[in-house]
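Only one structure is covered here, and it is reproduced in the block below.
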Amino acid sequence: QKEVEQNSGPLSVPEGAIASLNCTYSDRGSQSFFWYRQYSGKSPELIMFIYSNGDKEDGRFTAQLNKASQYVSLLIRDSQPSDSATYLCAVNPRKGGNKLVFGAGTILRVKS
Amino acid sequence: DAGVIQSPRHEVTEMGQEVTLRCKPISGHNSLFWYRQTMMRGLELLIYFNNNVPIDDSGMPEDRFSAKMPNASFSTLKIQPSEPRDSAVYFCASSSVVNSGIAKNIQYFGAGTRLSVL
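Quick note, the sequences are listed as chains A and B, same order.
Okay, so the first sequence: first residue is 1 according to the numbering used here, each after it adds one.
Okay, so the second sequence: first residue is 1001 according to the numbering used here, each after it adds one.
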């Protein structure tokens, strides 16, 4: 079992729709969770982070964390073509010090 | 803030040659991470340093890879000898572990070095 798993996609949504990206992790003691966006040929950039169970909203983005189910998700409301990118889920494992373990990423395509 | 600075941006070399990648972390950050990204394996952590000290090098593929951080503002990743399978994008990232709470562990990435070994 991979430490961090994501559906590779591509996930295709029409412009204006809600995109839902999901991530599961294996280490139940993981403490912090991050979503990075990576455009083709560019470096990963932080979108959101979440530490506590529940929802965290920032503009059009909402991160959701359910530690009991070991599940993290990212919702993008009013999706725009500029949101088309690969979204990487990253987890800080319990015994990982301050390193992050990244999932393989989900490709999102927003069609206008 | 200049962000994480990596050089060179692109490197093309021949098998067997030595390759040195360089990274300057964000000023004030005391953790530095080296990653490798390929289509097949995704983004993999190679090694990371806290306060210039290597903490976890379990991701370093083999003895051909070595990393150093002689001071807080500079790190190198060296491959010697290089092989075609080392072709990838290598990212450097930095974070600040002195921040407590929510700011801790946020990593900021450099633009990366695209390495091609022929």
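Think of the CB as a built atom: it goes at the ideal place given N, C-alpha and C, for glycine as much as any other residue.
Can you tell me whether Asn66 of chain A is buried or exposed? The criterion is at least 16 other CB atoms within 10 Å of its CB, across all chains shown. As a first step, residue 66 of chain A is located in the first sequence; it is residue number 66 there, counting from the start. The residue is exposed, with fewer than 16 neighbouring Cβ atoms inside 10 Å.
For Arg1036 of chain B, count the other beta carbons within 10 Å of its own beta carbon; 16 or more makes it buried, fewer makes it exposed. Which is it? Taking the first residue of the second sequence as position 1, residue 1036 of chain B is located at position 36. That one is buried.
Quick one: list the residues of chain A neighbouring Ser1031 of chain B, beta-carbon separation under 7 Å, in chain order. Here the question's residue 1031 of chain B lines up with position 31 in the second sequence. Neighbours of Ser1031 of chain B on chain A, chain order: Asn98.
Any beta-carbon of chain B closer than 9 Å to the one on Phe61 of chain A? Taking the first sequence and counting its residues from 1, the one referred to as residue 61 of chain A is at position 61. No, Phe61 of chain A lies away from the interface with chain B (no Cβ there is under 9 Å from its Cβ).
Could you tell me the boundaries of the beta strand (DSSP E) in which Arg1022 of chain B lies? Counting from 1 along the second sequence, the entry for residue 1022 of chain B is found at position 22. Its beta strand (DSSP E) spans residues 1019-1024.
Leaving out five residues on either side along the sequence, give the residues of the same chain with a beta carbon under 7 Å from the beta carbon of Asn7 of chain A. On the first sequence, position 7 is the one that residue 7 of chain A refers to. Within the same chain, Asn7 of chain A has close Cβ partners Asn22, Thr106.
Minimum Cβ-Cβ distance from Leu951 of chain B to chain A less than 9 Å: What the structure shows of chain B is the stretch from 1001 to 1118, and residue 951 of chain B is not part of that stretch, so it cannot be assessed.
So, is Arg1009 of chain B buried or exposed, given that buried needs 16 or more other C-beta atoms within 10 angstroms? On the second sequence, residue 1009 of chain B is found 9 positions in, with the first residue counted as 1. Classification of Arg1009 of chain B: exposed, given that the 10 Å Cβ count is below 16.
Coil, strand or helix - Asp1086 of chain B by DSSP: If you number the second sequence from 1, residue 1086 of chain B lands on position 86. Reduced to three states, the DSSP call for Asp1086 of chain B is helix.
Taking the alpha-carbon positions, what's the Arg77 of chain A to Asp55 of chain A distance? Residue mapping note: residue 77 of chain A aligns to position 77 of the first sequence, counting from 1. Residue mapping note: residue 55 of chain A aligns to position 55 of the first sequence, counting from 1. About 14 Å.
Mind listing the chain A neighbours of Gln1107 of chain B? Cutoff is C-beta to C-beta under 7 Å, in chain order. One-based indexing of the second sequence puts residue 1107 of chain B at position 107. Result: Leu100.
Reduced DSSP category for Ser82 of chain A - H, G, I as helix; E, B as strand; rest coil: Counting from 1 along the first sequence, the entry for residue 82 of chain A is found at position 82. The answer is helix: DSSP assigns Ser82 of chain A an H, G or I state.
Around the Cβ of Thr1038 of chain B, are there at least 16 other Cβ atoms within 10 angstroms (buried) or fewer (exposed)? The residue given as residue 1038 of chain B occupies position 38 in the second sequence. The residue is exposed, with fewer than 16 neighbouring Cβ atoms inside 10 Å.
Buried or exposed: Gly1112 of chain B, going by 16 or more other Cβ atoms within 10 Å of its Cβ? Sequence index remark: in the second sequence, residue 1112 of chain B carries index 112 (1-based). It is buried - the Cβ of Gly1112 of chain B has at least 16 other Cβ atoms within 10 Å.
Residue ranges of each beta strand (DSSP E) run of no fewer than 3 residues wholly in the region 35-85 of chain A, ordered along the chain? 45-50, 54-58, 61-66, 71-76
I'd like to know whether the C-beta of Asn1050 of chain B is nearer than 9 Å to at least one C-beta of chain A. Stepping through the second sequence from its first residue, residue 1050 of chain B is reached at position 50. Yes, Asn1050 of chain B lies at the interface with chain A (some Cβ there is under 9 Å from its Cβ).
Any contact between the region 1043-1063 of chain B and the region 91-99 of chain A? By contact I mean 3 or more CB pairs, one from each, below 8 Å. yes
Any beta-carbon of chain A closer than 9 Å to the one on Gly1016 of chain B? Mapped onto the second sequence, residue 1016 of chain B falls at position 16. With 9 Å as the cut-off, Gly1016 of chain B does not count as an interface residue toward chain A.
Out of A:Ser112, A:Ser69, A:Cys89, A:Ile47, state which residue places its alpha-carbon closest to the alpha-carbon of Gly29 of chain A. To locate residue 29 of chain A, count along the first sequence from 1; it is residue 29. Per the Cα distances, A:Ser69.
Does DSSP put Asp1056 of chain B in a helix, a strand or coil? Against the second sequence, residue 1056 of chain B aligns to sequence position 56. Strand, per DSSP.
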